[in-house]
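J.: Below you'll find the structure I mean.
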Amino acid sequence: MKKIFTFLALSVIALTTFTSCDRDAYEANTLNGQWSGYISAYYVDRWGLVGSDYRTTINFAQRDTYGGTGYEVDYDLNDPYGSYYYSPIEWEVNRGVIRIYYPYDDYYVEIYDYQLNSSYFRGFMYDGTRRDIEFSLAYDGNFNWDPYRGGSYWGRRAAGADDDAAVNGERVARGAFAKVLNAQSAAE
18 MKKIFTFLAL
28 SVIALTTFTS
38 CDRDAYEANT
48 LNGQWSGYIS
58 AYYVDRWGLV
68 GSDYRTTINF
78 AQRDTYGGTG
88 YEVDYDLNDP
98 YGSYYYSPIE
108 WEVNRGVIRI
118 YYPYDDYYVE
128 IYDYQLNSSY
138 FRGFMYDGTR
148 RDIEFSLAYD
158 GNFNWDPYRG
168 GSYWGRRAAG
178 ADDDAAVNGE
188 RVARGAFAKV
198 LNAQSAAE
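Position 79 of the sequence shown, counting from 1, maps to 96 under the working numbering, and the rest follow consecutively.
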C-alpha cells in the first residue's frame, strides 16, 4: 500500500510539473505578437509624465518554446512620432511568471497576476517597487513599427537634436521622453 501511495504521489507531482511546462508554452505562444494599451503609474514613475495621453505597444517575438525577444515603444498619442521611447526586450515565461528584461535600461519587470487570451492581456507588473503597476493591452496586428525602427525619415535621422536621446549611437527617444533621459544622463 505504501508503494502504491508513493507511486501515486510521484505521478501527481510529475503531472503537475509537465502541466506547468505546457501552460508556460501556451502562454508564450499566446503572447507572440503585438499588444497595445495603457500601463498605469508607469508613465509617472518612469518618465514623470502625467495624463492619459500615453500608450505602450509591445512586440513579443517568440524565439523558443518559452520566450523570445521583441521591442516596446511608449508614446504620446497626440505626437506618436515626435514623443516616444523605444527599447528592445527579452522575455520568458517560467512557472506562470512572465519576465521582461529591458537591456538598454538594465531593468526587469515580472508579471504574476494576469489574464491573457488571443484578444487581451491585462494584469499587474512588478518592478521591485512596492507599487502595483496595472496594465491593459489589446492584441494589435496593425501597429506600424517603421517610424521607430528605421523604416522612415524619423527612424533614419541621426540622434543629436536637443529633443533626441541615443543609446550606443541609436536614437531611442524623442520629445518629452528624450528630455527625461537627457536630464538623467546629465545628472549622472
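The beta-carbon is built from N, C-alpha and C at its ideal position, and this holds for glycine as well.
Quick one: any contact between the region 68–80 and the region 37–54, if contact means 3 or more CB pairs under 8 angstroms?
T.: Contact holds: three or more Cβ-Cβ distances are below 8 angstroms.
J.: How about the region 79–90 and the region 125–145: do they share at least three Cβ pairs that are nearer than 8 angstroms?
T.: No, they do not touch.
J.: Using the DSSP secondary-structure output, state which residues sit across from ALA182 in a beta bridge.
T.: Beta-bridge pairing links ALA182 to ALA190.
J.: Output yes or no for whether 8 angstroms exceeds the beta carbon distance between SER100 and GLU89.
T.: No, Cβ-Cβ distance for SER100 and GLU89 is not below 8 angstroms.
J.: Bridge partners of TYR98, per DSSP?
T.: DSSP lists no partner for TYR98.
J.: Helix, strand or coil, according to DSSP, for TRP64 in the structure here?
T.: Helix, per DSSP.
J.: To which residues of the same chain is ARG191 closer than 7 angstroms at the C-beta, ignoring the five residues directly before and after it?
T.: Excluding residues within five positions, the ones whose Cβ falls inside 7 angstroms are GLY99, SER100, TYR101, ASP180 and ASP181.
J.: Grab the span of the alpha helix (DSSP H) containing ASP163 for me, first residue to last.
T.: Unbroken alpha helix (DSSP H) run through ASP163: 163–166.
J.: Should LEU5 be labelled buried (16 or more other beta-carbon atoms within 10 Å of its own) or exposed?
T.: Lying outside 18 to 205, the shown extent of the chain, residue 5 is not represented and no answer is given.
J.: Hey, how far is the Cα of TYR165 from the Cα of ARG40?
T.: Whole-angstrom Cα-Cα distance: 33 angstroms.
J.: Ends of the beta strand (DSSP E) at TYR121?
T.: Taken as a continuous stretch (DSSP letters only), TYR121 belongs to no beta strand (DSSP E), as it is neither H nor E.
J.: Put ASP41 into one of helix, strand or coil per three-state DSSP.
T.: ASP41: helix per DSSP, three-state reduction.
J.: Enumerate in chain order the residues of its own chain whose CB-to-CB distance from ASN49 is below 8 angstroms, with the five nearest sequence positions on each side excluded.
T.: The answer, listed in chain order, is PHE77, ALA78, GLN79 and GLY85.
J.: Is the beta carbon of TYR125 closer than 8 angstroms to that of ILE106?
T.: Going by C-beta atoms, ILE106 is not nearer than 8 angstroms to TYR125.
J.: Around the Cβ of ALA193, are there at least 16 other Cβ atoms within 10 angstroms (buried) or fewer (exposed)?
T.: Result: buried.
J.: From TYR121, GLY113, SER202 and SER135, pick the residue whose C-alpha is nearest to that of ILE206; which is it?
T.: No answer is possible for residue 206: the residues shown for the chain start at 18 and end at 205.
J.: Using three-state DSSP, classify SER136 as helix, strand or coil.
T.: If DSSP states are grouped into helix, strand and coil, SER136 belongs with coil.
J.: Could you give the distance in angstroms between the alpha-carbon of ALA42 and the alpha-carbon of ASN134?
T.: Whole-angstrom Cα-Cα distance: 13 angstroms.
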